[in-house]
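The listed protein sequences derive, respectively, from chains A and B.
All letters in the first sequence, in the order written, are residues 208 to 643 by this note's numbering.
All letters in the second sequence, in the order written, are residues 226 to 359 by this note's numbering.
Cβ atoms here follow ideal geometry from the backbone N, Cα and C, with glycine treated the same way.
What follows is a set of notes on a single structure, which appears directly below.
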Amino acid sequence: MKTKTILTYKHLFQVIFLIASILLIIEGLWGDVYAPKNLTTLFVWIHYRGLLVLALLLLGNYFCMSCPFIFVRNLLRVFHAPKLLWPKKLQNKWAGIFLFICFLFSYEYFSLWSSPAITAWIIIGYFILALIIDLTFKKASFCKYLCPIGQFNFLSSTLSPTTVKAKNISICESCTTYECLNGVKKKSVLTKRGCETFLFIPKKTGNLDCTFCMDCADACPYDNVTIATVTPGEELTEDFKRAGVGSLSNRFDLQFFIIIFTFGGLLNAFAMTSPAQTIKTFLGTHLLMTHSFLYLLSLFILFLVGLPFILISRKDAHLIPTLLPMGFFIWLSHYSFHFLTGLFTFIPLIPSLKGATHFMGFPLSIVTPIQYGFLFLGFLGSLTLVWTREATSKKRIRWAITHVVLFLLSLWIMTQPMEMRGTFTKSAPLETICIS
Amino acid sequence: MKKLSVLIFIAALGMGAYHFKTRFYSPVSLIPQEEIVLTWGHDPSKITLSAPTKFTFNLKDHRQNFINDAQIDVEATMDHAGMVPLFSKATQKSEGHYETNLQVTMLGDWLLFLTITLPGHKPIKKVLKFQASL
């Protein structure tokens, strides 16, 4: 596809997502107060998340490409150009990791999915944060260092079938102006952006930190940048030195984030199952841990610290990226469950379609094998990486055992019955309403 | 020119949002709580997945008279978006007493949305909450 076509689609998707965001904010703030009756909670927590992971698996990081926050940021930068550079001490993933963990914790503690108003405020908060950061600091500081969705997408897109790369590397080798990185200037005024996450196309390997914004393609005077197909996970087979990222074995923050990403996926799925409620009751009865904050904190420490401490050795840090296939497919298995089982549950919520309530989604007899299939694919992917990356036999066996344990644990979690409790406090109280 | 285009675009978005909100989100009017007095229960007392649960509803007006011939549409859904709802209609068994059977499909917090239509009146909604356990 031509660069101009891709850019046209990109802007179209961004406008669509922007309009959708506005409509979801309105529905969340003024629509029905109950989550199952509100299109905002439905479309954000069920359809958006499901489509996001499926798009990452089948297409690529097109959700980052379609980001409405960045679209608005680009509009407002017409009025105010940021002057500052993102602080050097924060030029890593730690702030993004902190936000990601905070978001995971808030999701469970405040039952974000059960409140349309909170969901709407999350969207609003995202816009505000993205605009504050990117109107203060140059480049795509929000995307590269902070955005929790973006960080999730970057890691997941290492398994995507597409990547942004040079069409012909020999053209890049003869280039001396590097517009893909520096942008295009006319009379000292920047007329086209270069890569705002510092990914230099000739040295770029894989999808980490790539938002698919195609600014590099737009800036390239030789039309030498495109979206090309790749083997999913290929970028993880070796410890490549990546432009704008470096090598993963030297990035402790990224290694840590891969661990959080993987075990966070397990935690997110586990927290709404019956065993989680059983543990909560046990802790309340025998350890007098009745406060849900403490219970949740214990769960987080168990999954994000305890389990990794048992299963992963710091000495084998260069094999930590092999967790990514398993981690991504755990998220995919979980989100696709909700997406496929509740695919058409929005239909009764649309007044003109109120009567059509026959088919709400796919039955468990179809969805459950798909979930297991995803987990198995993740397991196979992780095992494959263990054997392709450089390592001694002893380390390979140790990591293979780690992946077997993760696979069995994720399989067990996905077979547990769902049991969501503690959401009533976030629902609106009873009231009698007269409707016409 | 660029700034003007951006301003026009933002203004158009804002006006569109305002128009959408006022067109589709008018405030609902509340009727006095006493118009319908609803008491309800379920059998068995512990709702499980293994067997259907009988939900009973008793309707009285503010003068404590039983309300008969009401149409009660029941929708049960989990307090989580995307869960498949259960639909049913409660049938009158005796004076002011209505029943329906539902077999819940998941453990956890459930919402019961009742749409009660009295003869010659506008429908009234009531929302009830219950939990399903092992």
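Quick check on residue i: does DSSP put it in helix, strand or coil?
i	result
residue 458/A	coil
residue 323/B	strand
residue 227/A	helix
residue 303/B	strand
residue 232/B	helix
residue 309/B	coil
residue 298/B	strand
residue 626/A	strand
residue 603/A	helix
residue 725/A	What the structure shows of chain A is the stretch from 208 to 643, and residue 725/A is not part of that stretch, so it cannot be assessed.
residue 268/B	strand
residue 296/A	helix
residue 284/B	strand
residue 349/B	strand
residue 258/B	Reliability fails at residue 258/B, whose pLDDT of 48 lies under 50, so the model's placement of it is uncertain and the value that follows must be treated cautiously. In the structure shown, residue 258/B sits in a helix (DSSP, three-state: H, G or I).
residue 432/A	strand
residue 410/A	helix
residue 633/A	Residue placement at residue 633/A is flagged as unreliable, the pLDDT there being 45, under the threshold of 50; the coordinate-derived value follows with that caveat. Note: residue 633/A maps to helix in three-state DSSP.
residue 342/A	helix
residue 209/A	coil
residue 273/B	coil
residue 552/A	coil
residue 307/A	helix
residue 291/B	strand
Please return the same chain residues whose Cβ sits closer than 6 angstroms to the Cβ of residue i, not counting the five positions on each side in sequence.
i	result
residue 588/A	440 and 532
residue 468/A	362 and 534
residue 281/B	266 and 324
residue 541/A	476
residue 454/A	446 and 448
residue 311/A	471
Identify the contact partners of residue i in chain A, using a Cβ-Cβ distance below 7 angstroms as the criterion.
i	result
residue 302/B	243
Go through its chain and collect everything with a Cβ distance to residue i's Cβ below 7 angstroms, but skip five positions before and after it.
i	result
residue 258/B	With a pLDDT of 48 at residue 258/B, under the threshold of 50, the predicted position of this residue should be treated as unreliable, though the coordinate-derived value follows. Nothing listed; no residue qualifies.
residue 182/B	The question about residue 182/B has no answer here: the residues shown for chain B are numbered 226 through 359.
residue 514/A	470
residue 500/A	316
residue 255/A	none
residue 348/A	293, 340 and 341
residue 620/A	473, 476, 477 and 480
Taking the beta carbon of residue i as the centre, do at least 16 other beta carbons fall within 10 Å, making it buried, or is it exposed?
i	result
residue 326/A	buried
residue 268/B	exposed
residue 241/B	exposed
residue 314/B	exposed
residue 293/A	buried
residue 611/A	exposed
residue 248/B	exposed
residue 594/A	exposed
residue 295/B	buried
residue 300/A	buried
residue 306/B	buried
residue 336/B	buried
Which one or two residues does DSSP pair with residue i in a beta bridge?
i	result
residue 416/A	DSSP lists no partner for residue 416/A.
residue 326/A	Paired residue(s): none; residue 326/A is not in a bridge.
residue 356/B	334/B
residue 317/B	323/B
residue 449/A	453/A
residue 393/A	396/A
residue 302/A	In DSSP, residue 302/A forms no bridge with anything.
residue 370/A	435/A
residue 278/A	DSSP output for residue 278/A lists no bridge partner at all.
residue 339/B	299/B and 351/B
residue 279/B	268/B and 326/B
residue 263/B	284/B
Residues of chain A with CB under 9 angstroms from residue i, in chain order?
i	result
residue 339/B	Simply none; closest approach about 10 angstroms.
residue 245/B	229, 230 and 233
List the residues of chain B whose Cβ lies closer than 7 angstroms to the Cβ of residue i, in chain order.
i	result
residue 568/A	309
residue 328/A	Going along chain B, no residue has its Cβ under 7 angstroms from residue 328/A, so there is no contact; the nearest lies around 16 angstroms.
residue 670/A	Any answer about residue 670/A is impossible in this case: the structure gives chain A only from 208 up to 643.
In chain order, what residues of the same chain have a beta carbon less than 8 angstroms from the beta carbon of residue i, not counting five sequence neighbours either side?
i	result
residue 583/A	614
residue 481/A	623, 624, 625 and 626
residue 581/A	536, 539, 540 and 543
residue 518/A	609, 612 and 613
residue 331/B	274, 303, 308 and 357
residue 278/B	267, 268, 269, 272, 326, 327, 328 and 329
Residues of chain A with a CB under 8 angstroms from the CB of residue i: which are they?
i	result
residue 286/B	In chain order: nothing, as chain A lies at least about 13 angstroms away.
residue 323/B	Within 8 angstroms Cβ-Cβ: nothing; residue 323/B doesn't reach chain A, min ~17 angstroms.
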